[in-house]
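Protein chains in written order, with this note's numbering: chain A, 1 to 346; chain B, 1001 to 1201.
See below for the structure under consideration.
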């Protein structure tokens, strides 16, 4: 993509919106007219040019503004970024993965030159020019994970692997769908997924964990997850739920199209080379209902998915209060015509 | 946020004697003392080496428990007035503990949780702490908003002792924090509360 970075906000006056091009490349997560959990993992391989899968790390028109929002969150609550002491090697693995990916795939914006451990990183959109020694945290203004995490869209957690388990021992999480890094840091895979309904009985997590423990270096995998958010708010943390929760009561038939957003997470998992840890990247995409229905297939399918969603998932995803209003609004875009398989626009 | 019936909670399988340990450090509060007495009754001969008990006298009959604990074949019983002071003493005991020490925790979830948390902070595997629950099911709850801890929570909804938010006590527990998660229950419509009932007895 060769676009300007938009100046927009994800709080207060909420000026966020998607360009037509950004709508077309939105990772619509429903490949059929209904939704249920599955271990929908596939190789994180190169996708079509212009798609969110074109490169391992997707940088788009919202980059600069999303990084500004992250800076606000971290200023107000430093606990959104935490790493247990034994995770330093994994932090460097993470920094290396992001810098090399970003510089390789977006040379117009990022540059990385390395001479042994002497690295020189340039981030033009954010006006950063940094020389540092790889492996020496004192040569960066933040610890490595926070340093590069402040320069890349998406949340990131890093899992240590030991005792046949994955332990969430580090993360920079500022745009989460209602879970707390500060509460979950140090937990294992089963523990941090404890509150998810239905999936435990379906053995989803047993299968996923078994798969992830065998994840190979250089063979990252991905899946899509989704929820819905009122207003284009990135910081839907439980920490601030007492501030944004009331937004869920503000949906009316008149404002559904602009207020209700589908929020899709492109989640990828990567084995890290030195630490043997697993990086979990959670790259979020927001789209307004009004933007979504400009793709007729998506309008029809969103209506059908929302209509057939099990009550436990409606509650868990926090959609309960505004589901009916949203359904009613979406119904005008569902003429009952059949939809094609797969999530892409027709 | 209104969802309940979520599964996740620590397991407390019960105290058993570690016959290989050479120092047994046993932390307990309230009725946890009875778990220690039962341990000695059932596995006494297997408990070799030193025994240190740190006991929080949190119940009206705790002084009687202390007397009975002191009759066990142990090196010392530290009797403290509260869980907080007991944990402080336990910290001192564990700071000078050597290889071969086994930690046991018995009593309320708060006592067990804080003991496991302390062990973890000192670099031990939290799963290596032997645990047995006795007494109240009251919970220690952390407010996800202000991060303050509210102790001895017996109801599904509790007012945060720090920021005053009405918190739904979720079945989501952090060993690192030794606490359940509390999340504002009426954020969407302030004052709209579910019925408050005593659920952790």
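From the three backbone atoms N, C-alpha and C, an ideal C-beta is built for every residue, glycine too.
- With respect to the 9 Å criterion, residue 1035 of chain B and residue 1109 of chain B are not classified as neighbours on the basis of their beta carbons.
- Here residue 332 of chain A is exposed: its Cβ has fewer than 16 other Cβ atoms, across all protein chains shown, within 10 Å.
- Each of A:199, A:170, A:220, A:123 was checked against the Cα of residue 59 of chain A, and the nearest Cα belongs to A:123.
- In this structure, the beta-carbon distance from residue 1174 of chain B to residue 1127 of chain B does not fall below 9 Å.
- Close CB contacts of residue 323 of chain A within its chain, under the 7 Å cut and outside five residues either way in sequence, are with 306, 314 (chain order).
- Across the structure, residue 1190 of chain B and residue 1124 of chain B are spaced so that their CA atoms are roughly 43 Å apart.
- Within the same chain, and ignoring the five residues on either side of residue 182 of chain A in sequence, the residues whose Cβ sits closer than 8 Å to its Cβ are 79, 80, 82, 239.
- At a cut-off of 9 Å between beta-carbon atoms, residue 246 of chain A makes contact with chain B.
- Within the same chain, 1171, 1173 come within 7 Å of residue 1009 of chain B by CB-CB distance, once the 5 residues on both sides are set aside.
- Judged by their CB atoms, residue 1194 of chain B and residue 1183 of chain B are not nearer to each other than the 9 Å cut-off.
- By the neighbour-count criterion, in which a residue is buried when 16 or more other Cβ atoms sit within 10 angstroms of its Cβ, residue 52 of chain A is buried.
- Close CB contacts of residue 1090 of chain B within its chain, under the 7 Å cut and outside five residues either way in sequence, are with 1027, 1054, 1115, 1118 (chain order).
- When 9 Å is used as the limit between beta carbons, residue 249 of chain A is near these residues of chain B: 1188, 1189, in chain order.
- In this structure, the beta-carbon distance from residue 22 of chain A to residue 61 of chain A falls below 9 Å.
- The C-beta distance from residue 1030 of chain B to residue 1107 of chain B rounds to 5 Å, short enough to meet the 8 Å contact threshold.
- Straight-line spacing of the CA atoms in residue 159 of chain A and residue 267 of chain A works out to 14 Å.
- Our two residues, residue 1051 of chain B and residue 1076 of chain B, have alpha carbons roughly 7 Å apart in a direct line.
- Per DSSP, the beta bridge partners of residue 1106 of chain B are B:1028, B:1132.
- A:146 is the residue among A:146, A:117, A:164 whose C-alpha sits nearest the C-alpha of residue 171 of chain A.
- For residue 228 of chain A, the enclosing beta strand (DSSP E) starts and ends at 221 to 230.
- Within the stretch 1079 to 1124 of chain B, complete alpha helix (DSSP H) segments of at least 4 residues are found at 1083 to 1095, 1109 to 1121, given in chain order.
- In the DSSP assignment, residue 52 of chain A falls outside any beta strand (DSSP E) and carries neither an H nor an E.
- Here the alpha carbon of residue 215 of chain A sits roughly 16 Å from the alpha carbon of residue 163 of chain A.
- DSSP places residue 1154 of chain B in no alpha helix (DSSP H); its state is neither H nor E.
- Excluding sequence positions up to five before and after residue 1039 of chain B, its CB lies within less than 7 Å of the CB of 1015, 1017, all in the same chain and listed in chain order.
- Rounded to the nearest whole angstrom, the C-alpha separation of residue 17 of chain A and residue 152 of chain A is 19 Å.
- Each residue's CA atom was taken as its position, placing residue 316 of chain A and residue 310 of chain A some 10 Å apart.
- One Cα belongs to residue 177 of chain A, the other to residue 226 of chain A, and the distance between them is close to 9 Å.
- Sixteen is the threshold: when 16 or more other Cβ atoms of the shown chains lie within 10 Å of the Cβ of residue 189 of chain A, as they do, the residue is buried.
- Flagged as an interface residue toward chain B: residue 180 of chain A, by a C-beta distance shorter than 9 Å.
- Leaving aside the five residues that flank residue 105 of chain A on each side, the residues in its chain whose CB is nearer than 6 Å to its CB run, in chain order, 55.
- Between the alpha carbons of residue 286 of chain A and residue 233 of chain A lies a distance of about 9 Å.
- Near chain B, meaning a CB-to-CB distance below 9 Å, no residue of the stretch 252 to 273 of chain A qualifies.
- Rounded to the nearest whole angstrom, the CA to CA distance from residue 340 of chain A to residue 296 of chain A is 11 Å.
- Scanning the stretch 232 to 265 of chain A for uninterrupted alpha helix (DSSP H) segments of 4 residues or longer gives 241 to 244, 256 to 259, listed from N- to C-terminal end.
- Nearest C-alpha to residue 165 of chain A among A:195, A:210, A:132: A:210.
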